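There are 2 protein chains.
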Amino acid sequence: MQRSHNCGQLTTESIGQTVILNGWVQTRRDLGGVLFIDLRDRSGIVQIVFNPDYSGEALQIADKTRSEYVIAVKGQVVKRDPETVNSNLPTGEIEVRVTDIEVLNAAKTPPFFIEDGVEVDESLRLKYRYLDLRRPEMQKTLLLRSKAAKIFRDFLDEEGFIDVETPILTKSSPEGARDYLVPSRVHEGEFFALPQSPQIYKQLLMVGGVERYYQIARCFRDEDLRADRQPEFTQVDIETSFLSQDELLGMMERLMQRLFKETVGVELALPFQRLTHAEAMGKYGSDKPDLRFGLELIEMNDIVAGSGVKVFASVIEKGGEVKCLNAKGCGTWTRKEIDDLGPYAARYGAKGLAWIQVKEGEFRGPIVKFFSEEEIAAVKERTGAEEGDLLLFSADNKKVVADVLGALRLKIGRQLGLIDDSVYKFAWVTDFPLLGYDEEQKRYVAEHHPFTRPREEDVALFDTDPGAIRAQAYDIVLNGYEVGGGSMRIYKRDVQEKMFDALSLSKEEVQDKFGYLLDAFEYGTPPHGGIAFGFDRLVMLLAGRTNLRETIAFPKTASATDLLMDAPSPVKDAQLDELHIRVAIKEKAKK
Amino acid sequence: MQRSHNCGQLTTESIGQTVILNGWVQTRRDLGGVLFIDLRDRSGIVQIVFNPDYSGEALQIADKTRSEYVIAVKGQVVKRDPETVNSNLPTGEIEVRVTDIEVLNAAKTPPFFIEDGVEVDESLRLKYRYLDLRRPEMQKTLLLRSKAAKIFRDFLDEEGFIDVETPILTKSSPEGARDYLVPSRVHEGEFFALPQSPQIYKQLLMVGGVERYYQIARCFRDEDLRADRQPEFTQVDIETSFLSQDELLGMMERLMQRLFKETVGVELALPFQRLTHAEAMGKYGSDKPDLRFGLELIEMNDIVAGSGVKVFASVIEKGGEVKCLNAKGCGTWTRKEIDDLGPYAARYGAKGLAWIQVKEGEFRGPIVKFFSEEEIAAVKERTGAEEGDLLLFSADNKKVVADVLGALRLKIGRQLGLIDDSVYKFAWVTDFPLLGYDEEQKRYVAEHHPFTRPREEDVALFDTDPGAIRAQAYDIVLNGYEVGGGSMRIYKRDVQEKMFDALSLSKEEVQDKFGYLLDAFEYGTPPHGGIAFGFDRLVMLLAGRTNLRETIAFPKTASATDLLMDAPSPVKDAQLDELHIRVAIKEKAKK
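Chains as they are written, first to last, in full-length UniProt numbering: chain P, 1 to 591; chain V, 1 to 591.
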């Protein structure tokens, strides 16, 4: 009884054919002695019928099957009676009259129904992942993920990229934080680390003359887990030599265009919008702005500096800023509705949230009285405030203002229905700052990593204003998510030395942390740069899901546990002996 | 100076074009003020010329470059003078007259030449792997590996296989030997393990209705390293539901056919030869026979049992066997040459090695006198012995005879030049024994793994002679290497229980070791089976190499060390504290 057809494949064109199907019993209904079974395989569902008129003994056997039994059947495809056509099913116009059946395997009653939209606890789904995966939406997502990987590979292969596997047993990174460690049996007291990314290897491949490299690479980060992180994740890792940033970004846009066309059938317009980091932060309060809607942040410093609103004046005096969000149409909100924004804004660091309603032709709200008529007119003009609008003000340092209004922008955009979920809005955010000042360590730190190339025209700023140097670094954002990022890398020794100086690293530290890489860079390193896409997240967005776990066959929970395998787990002392380690649990206080 | 062409791409068709090339200085020669540089990139080498007549300042700049400098040049492609054509180079008929040059980066003198066939210590090559990778033969191998992976993927994709990623942070296997462990930060005192293979996950995917799965998967095994093992290795992992063994094997043959055609241009004839395990062991003394030559082992028990050679008679009496290898043409060997085979055979367990020379029309050698004339005639007929042949006899238990004569067969085959290195001779070895008797544990153990399906007609033997059960397990062998293997899996509960009984496992042990998998098997498991190819080894054979390290971009040494990164390495105590472990080095005696 080897399968001749897949269940979901049968159409009216198959009518008259004798077929053999293999699959799972989805549901069964007995109507007056005639047994109808929905048979499911990976391709879909088809109705098969057991009737005393033609099924003979097969009917008795079929009658003993239950949900999730695995069966093989042989029968003839026939047209359904018009009144029994099921237009919800692609195979709904036909059914299969079964003459032979073989029960390949029995099944216990599963702990939840094998169908889309089951409402069961996620931990139950994860424990029985092998049943969860049978649900059509999970099958579809796995298929989509496989297809997306194939499209990446095909495109990159056509562009001359070589798929190179880099080690998973590698060296602990200089800081070592968040590294998963692996004790060595052969080398007592020494450890491998799992890579947080193949960054160093891909740069070494460029030194090695590979010129165009890619890998769909597993990466590992032992961090406190949030809803959208996994201890192991997959990135599409790409590095090229001899390409400019513009050439690389253009190529990646074509890659995204192909990916979206061939998976979700959407034609993306090229080129993607490009914003500098400064623009993105200024207009959207985010380095990964959702550009499916407007609601831009508006600079107000010049207008409100002289107003009687003390907090505005004092913030501006201290070098901070005041910005406004015009929540169109929210002027009709009740006082309570407006006040409820306060705690939300506070989560993002706001100490307060000033607002003005435009109601019955005039500005209303607690701060209005501190404005002159000229100032009110200027605010009106700058914000385009109209009847029924709500102006929200944040006054603080740049970061807080961006965080607060950026978050409010998203919340209100969603609330007002400004976001079209069917739209995929890509953009590049470029010119990230190269260095950030760490107040605690009293020194500059690399925003991306210490091999990120500064913009040519900013190199002189190393001597005068390192914080103002823009990096040749870029993120690719989609609908408010960062789906990838990368940079051009430093390849000239003098620039690298300036960078290390700016980071206040001593020669010894440099040698200790990056010695072998710097050695490598001395032997004829080509100009190079690259990018990495967060594959799990891209698949999540393509699948229209909101949780990374839905895109991974066997994910871990938010507490980094594999519920199916029950991992991690204790191991035998003999195993630890072999690895020259011992468990050492500290008192809770020590944590 | 963005590249317009690749170096290796330029031919006489490019003559007259102005091109921009980016690459590395391979060699430079100054001939009477004219500078010739061989410029190398990933695609190949081309000669570029700096001449005072047309190069201007570029000549002075070029004169300062040294080997491995990275340069960009612009110039015109011209035909070489007939007397300077280099027929060793694909680009040897043309050269590029350079008008502009930019030095992209300088280079120190590399520790070895960047060219094929360098004779330097492998550890130096591994330490400077990024330079080693620049050598054309390494580039070619990386490209071949990438291409081979692509062919696997394309084929499997076309056959409806889904690429599913399975976890790398997983659970320690029941025995735990050879597992790499990863301490958990979140779960104190608990450990993940790196997978030795995705075996369990791929079976769960079949339970999950994925039907056809593949993955080019990284696997890990912490074992004593031999020349041809790596702590992390890559396998092409495949599993299917609803396919018979014959269908799967046929599909895999077509996959190999495509792989070899599209990489090395060899057309493999299908179907591949199939031998049972018993045949392979009997005829070739190996379960991975090199079938590029004959020299089969010949059974002699019936002929020699009654001879006066005591050791033959006594071995046969104890249930052992006597076999013969006819080393054609080696009858002319000196006594010393023959005696030298003794120590070699001893390495494989031989206690002695009897022999007969056919010289001047008669049998000669120490044992000849113990044979009757009839016996000599029978030996002659059975072995086809002719003038100039050498008959080698091994008498011992089956295993030793196979090991000894299998090894001698290979040695003599090589020595006699019977092996054609240009031939790829594939075969399937099938019907491996399901169980082997472990004398130490006094019980049967699974030869493959406990989920391997027995042949249908052998299931009854569970009750009478478990050791005689043949498994639906198969290896694919190529030129004496095992390049893959797999099995059909048990999917019926009653068979699985018989298997566990045969392994003398208690209910508790079964639950403890395989509980979650057995649970999974209860919910409607389809018939399934699969195979895994050793990707590193396949690439090694395709590339004509003899060392797995040559096929891996960043391999580890035989002592599991990464010489480039210097891993494994000690880590900070703070890191270990976070992971709740401590180093515990025992006195050497304890090891």
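The C-beta atom is built at its ideal place from N, Cα and C for all residues, glycine as well.
On a predicted model such as this, the values are computed, not experimentally measured, just so you know.
With a beta-carbon spacing of about 11 Å, Ala106(P) and Ser67(P) fall beyond the 8 Å limit used to define contacts. In the assembly as shown, Leu31(V) is an exposed residue. Its beta-carbon has fewer than 16 other beta-carbons within 10 Å. Per the coordinates, the alpha-carbon of Glu337(V) lies some 18 Å from the alpha-carbon of Ile367(V).
Of all residues in the stretch 14–40 of chain P, those with a C-beta nearer than 7 Å to a C-beta of chain V are Asn22 and Trp24, reading in chain order. A contact is defined here as three or more CB-CB pairs under 8 Å, and the stretch 84–95 of chain V fails this definition with respect to the stretch 114–132 of chain V. Listed in chain order, the beta strand (DSSP E) runs fully inside the stretch 156–244 of chain V are 181–183, 191–193, 212–220 and 232–241, counting runs of at least 3 residues. Assignment of Asp431(P) by DSSP, reduced to helix, strand and coil, places it in the coil class.
At a cut-off of 8 Å between beta-carbon atoms, Arg549(P) makes no contact with chain V. Of the candidates Gln357(V), Trp428(V) and Ser422(V), the residue whose Cα lies closest to the Cα of Phe393(V) is Gln357(V). The C-beta of Ser559(P) comes closer than 8 Å to at least one C-beta of chain V. Val510(P) is classed as buried because its beta carbon has at least 16 other beta carbons within 10 Å across all chains shown. Annotation: the continuous beta strand (DSSP E) that includes Ile531(P) extends over His528 to Gly534. In this structure, Leu503(V) is the residue among Gly92(V), Leu503(V), Tyr474(V) and Phe220(V) with its C-alpha nearest to the C-alpha of Gln441(V). Only residues of its own chain outside the window of five on either side were considered, and among them Phe432, Pro433, Leu434, Leu435, Gly436, Ala471 and Ala473 have a CB closer than 8 Å to the CB of Glu447(P), listed in chain order. In this structure, the straight-line span from the alpha carbon of Arg40(P) to that of Gly282(V) is close to 46 Å.
For the stretch 187–202 of chain V, the residues whose beta carbon sits under 9 Å from a beta carbon of chain P are, in order, His187, Glu188, Gly189, Glu190, Phe191, Phe192, Ala193, Leu194, Ile200 and Tyr201. Runs of alpha helix (DSSP H) with 4 or more residues, each lying fully within the stretch 46–79 of chain P, are found at 52–55 and 57–63, listed in chain order. The beta carbon of Gly342(P) lies closer than 6 Å to those of Leu353 in the same chain, with the five residues before and after it left out. Taking 8 Å as the Cβ-Cβ cut-off, the stretch 522–554 of chain V approaches chain P at Glu522, Tyr523, Gly524, Thr525, Pro526, Pro527, Ile552, Ala553 and Phe554, given in chain order. Using a CB distance cut-off of 8 Å, Pro167(P) counts as an interface residue toward chain V. Excluding its 5 nearest sequence neighbours in each direction, Arg221(P) has C-beta neighbours in its own chain below 6 Å: Arg178 and Gln196, listed in chain order.
In chain order, Arg453, Pro454 and Val459 place their CB closer than 8 Å to the CB of Val495(P), counting only its own chain and leaving out the 5 sequence neighbours on each side.
Going by DSSP, Gln357(V) is part of the beta strand (DSSP E) stretching over Ala354 to Lys359.
Apart from the 5 residues on each side of it in sequence, Arg28(P) sits with its Cβ closer than 6 Å to the Cβ of Ile37 in its chain, given in chain order.
In this structure, Tyr214(V) sits near Val236(V), with a CB-CB distance shorter than 8 Å.
For the 8 Å CB-CB criterion, Thr234(P) and Glu165(V) form a contact.
The C-beta of Tyr348(V) comes no closer than 8 Å to any C-beta of chain P. Under the Cβ criterion (8 Å, minimum of three pairs), the stretch 540–547 of chain P does not count as touching the stretch 531–549 of chain V. Following the DSSP letters along the chain, one finds Met565(P) in no beta strand (DSSP E), marked with neither H nor E. Closest in C-alpha terms to Thr332(P), from the list Arg185(P), Ile303(P) and Glu362(P), comes Glu362(P). For Leu579(P), there is no enclosing beta strand (DSSP E), as DSSP marks it with neither H nor E. For Asp566(V), the nearest CB of chain P lies under 8 Å from its own CB, placing it at the interface with that chain. Non-local beta-carbon contacts of Phe242(P) in its own chain, meaning distances under 8 Å to residues more than five positions away in sequence, involve Glu211, Pro526, Pro527 and His528 in chain order.
In the structure shown, Arg3(P) adopts coil according to DSSP, grouped into three states. Uninterrupted alpha helix (DSSP H) stretches at least 4 residues long and entirely within the stretch 291–351 of chain P occur at 301–304, 310–317, 335–339 and 341–347, given in chain order.
Against chain V, a Cβ distance below 8 Å from Arg153(P) picks out Lys150 and Arg153.
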